[in-house]
RNA sequence: GGCGCGGUAGCUCAGUUGGUUAGAGCGAACGACUCAUAAUCGUUAGGUCGGGGGUUCGAGUCCCCCCCACGCCA
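Residue numbers (this note's numbering): 58 to 629.
Put into structure tokens, the structure is as follows:
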């Protein structure tokens, strides 16, 4: 039994995430967490909302609410959706928590002491009407290059030219439209990542088992151009963690907050502190997950994220941790994902294109989505959601292969032997063969799960389901029953046990259906099978069961067409 | 423009350090079966592995050039 710390990239507080976001981090992280727990490991699975920054402030203003209230509400919404998708976080925290305030300030202080922070004076646009500094992309004006009148301060969308806010003709605030702008001098803190380049390079180079996607992104940032650049870690905003050096004030930094990318990953750690508080535990209880001097040296830490988050997790956050000089746990393995596209294009929040987490749960139970998303996870390249594919995958894999297996076995038994595991007969060569095949298949499945090969795991699991149908088809108890009822009883006894076996091993993918099947089999034995031979005898002769409700219903062509239409976008 | 990840059967994708007739699932055709959610099981068909050169006894797998898609950056 090992100890596993698992984190999923923390979703931004602003708005409801789409299925691409879900499959890019939270869902595969949950799969892995559930699997490791099922195998008897001690698991700490953490996630949180990323709450700071300008977008949250603007969304709150748009909703007419104080930003803290807005974040609290959106956190509740996201927590509820996470629950809806059965994401089994040990704690779902908030980057705005007191724990994260304290820890972020602590890290900044340590980094400053280590000489890894420098102060930089820069010019930024201040809006009198908005009473705030404007990030580049919140300044609009006419492009000096092409004359487009809605160019943003960072780039012109029309001609794609990169811009500086001061390049714009007739600049105005994208928030209020005000032209009462002023360029002001302001001071900010920069993390001297460039100083850490060697250390980070060595660390990345030591991770030979990481996916190419992960290391290639990290190496690009380390080596491109002049190499890893220092990054600003503060902003002139109200909403965020006040800049402090540990517990002390930071002269010259009054009224400023840490930039969201600096405090967000620290929330991974702070979240464990929130977990401890929420469960009445001590500091030692969470520190044993994060401090290698306090018990975390035997922890294996795995992070899940979309490819856009890789630079922060391979470079910025490790720079923070290494730079602190304290024995915090560094990540052991980063599992990163490509993007999921939607029906020939991208998911789009602004156009309402694609399926979002709340909508998905409105039309179908979580397991349907979990199965499709995980069995098609964008591991090696971007992948594509299509309704045809979703429909055929759900109908074939879940309804026909697994659901129907449970149905045919239980109904046959009920009609011939009644609703209990029948006695009689002796397993023979064919059963030995089945057990052998299942044993190999199970090992294959476990190997893929251990390696976090999500798609391959799904394929291997499905192959195990197929073995059951194959066996039934082969021994045909409905025929056997006519000449040798005892033999048929033995065959169906095995098959009934397979239902329980499938429920147990499928639970990381489809927890609700697994629970339903286990309930139908009236079994509480959900322990991961040590070997198949004993697993197919777990339900003894005479053990009562019930015919389960339809475990997975099919998606009709009409539904598919209707949903395709409904989520095509362009409705907002 | 630079860089990155890809371009493998109708569809979604596997293909370790180059090595016998390129694989899986779905879809298709045919057959078997009838317990079951018109489900299941079996068989078969289907690809000049984006294009062109090269290295090698041998390349989807290495090198060069080009084309296409996506992404990142300037």
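In this text, a Cβ means the ideal position worked out from N, Cα and C, and glycines have one as well.
Residue i classed as buried or exposed, judged by whether at least 16 other C-beta atoms fall within 10 angstroms
| i | result |
| --- | --- |
| residue 126 | exposed |
| residue 629 | Residue placement at residue 629 cannot be trusted, given a pLDDT of 36 that sits under 50; what the coordinates show is reported in the next sentence. Residue 629 comes out exposed. |
| residue 387 | exposed |
| residue 204 | exposed |
| residue 286 | exposed |
| residue 476 | exposed |
| residue 68 | buried |
| residue 532 | buried |
| residue 58 | exposed |
| residue 114 | buried |
| residue 448 | buried |
| residue 284 | exposed |
Closest Cα partner of residue i within the set the options
| i | options | result |
| --- | --- | --- |
| residue 238 | 553, 221, 187, 280 | 187 |
| residue 418 | 76, 617, 64, 322 | 76 |
| residue 158 | 317, 564, 566, 486 | 317 |
| residue 484 | 432, 362, 543, 477 | 543 |
| residue 347 | 365, 364, 324, 590 | 324 |
| residue 103 | 61, 128, 137 | 61 |
| residue 631 | 487, 489, 415, 475 | Residue 631 is absent from the model: the chain starts at 58 and stops at 629. |
| residue 389 | 370, 516, 345, 254 | 370 |
| residue 358 | 365, 345, 306 | 345 |
| residue 170 | 515, 98, 303 | 303 |
| residue 597 | 392, 322, 546 | 546 |
| residue 591 | 165, 575, 551, 607 | 551 |
| residue 605 | 367, 406, 342, 462 | 462 |
Cα-Cα separation between residue i and residue j, rounded to whole angstroms
| i | j | result |
| --- | --- | --- |
| residue 578 | residue 556 | 8 Å |
| residue 92 | residue 469 | 32 Å |
| residue 116 | residue 522 | 47 Å |
| residue 200 | residue 221 | 10 Å |
| residue 421 | residue 355 | 40 Å |
| residue 602 | residue 466 | 11 Å |
| residue 480 | residue 538 | 13 Å |
| residue 349 | residue 272 | 24 Å |
| residue 291 | residue 245 | 6 Å |
| residue 450 | residue 440 | 15 Å |
| residue 288 | residue 513 | 39 Å |
| residue 277 | residue 558 | 46 Å |
| residue 549 | residue 143 | 32 Å |
| residue 382 | residue 315 | 20 Å |
| residue 320 | residue 206 | 35 Å |
| residue 623 | residue 570 | 27 Å |
| residue 167 | residue 617 | 55 Å |
| residue 310 | residue 176 | 10 Å |
| residue 295 | residue 442 | 40 Å |
| residue 254 | residue 248 | 12 Å |
| residue 582 | residue 458 | 23 Å |
| residue 563 | residue 97 | 15 Å |
| residue 540 | residue 482 | 13 Å |
| residue 87 | residue 66 | 12 Å |
7 Å CB neighbourhood of residue i in its chain, flanking five on each side removed
| i | result |
| --- | --- |
| residue 156 | 327, 330, 331 |
| residue 224 | 201 |
| residue 620 | 420, 444 |
| residue 243 | 179, 181, 190, 293 |
| residue 151 | 105, 106, 108, 132 |
| residue 575 | 557, 560, 583 |
| residue 434 | 80, 85, 394, 511, 512 |
Contacts around residue i, its chain only, beta-carbon distance under 6 Å, and the 5 residues preceding and following it disregarded
| i | result |
| --- | --- |
| residue 131 | 70 |
| residue 609 | 455, 456, 460 |
| residue 625 | none |
| residue 426 | 417 |
| residue 112 | 71 |
| residue 64 | 103, 325, 360 |
Test item: CB-CB of residue i and residue j under 8 Å
| i | j | result |
| --- | --- | --- |
| residue 375 | residue 260 | yes |
| residue 561 | residue 535 | no |
| residue 74 | residue 413 | yes |
| residue 82 | residue 394 | yes |
| residue 148 | residue 353 | no |
| residue 528 | residue 491 | yes |
| residue 429 | residue 567 | no |
| residue 90 | residue 100 | yes |
| residue 307 | residue 391 | no |
Contacting residues, own chain, Cβ-Cβ under 8 Å from residue i (five flanking each side not counted)
| i | result |
| --- | --- |
| residue 587 | none |
| residue 228 | 182, 196, 197, 198, 210, 222, 236, 238 |
Residue i Cβ short of 7 Å to the ligand FAD heavy atom set
| i | result |
| --- | --- |
| residue 423 | Questions concerning the ligand FAD fall outside what the structure shown contains, since it holds no ligand whatsoever. |
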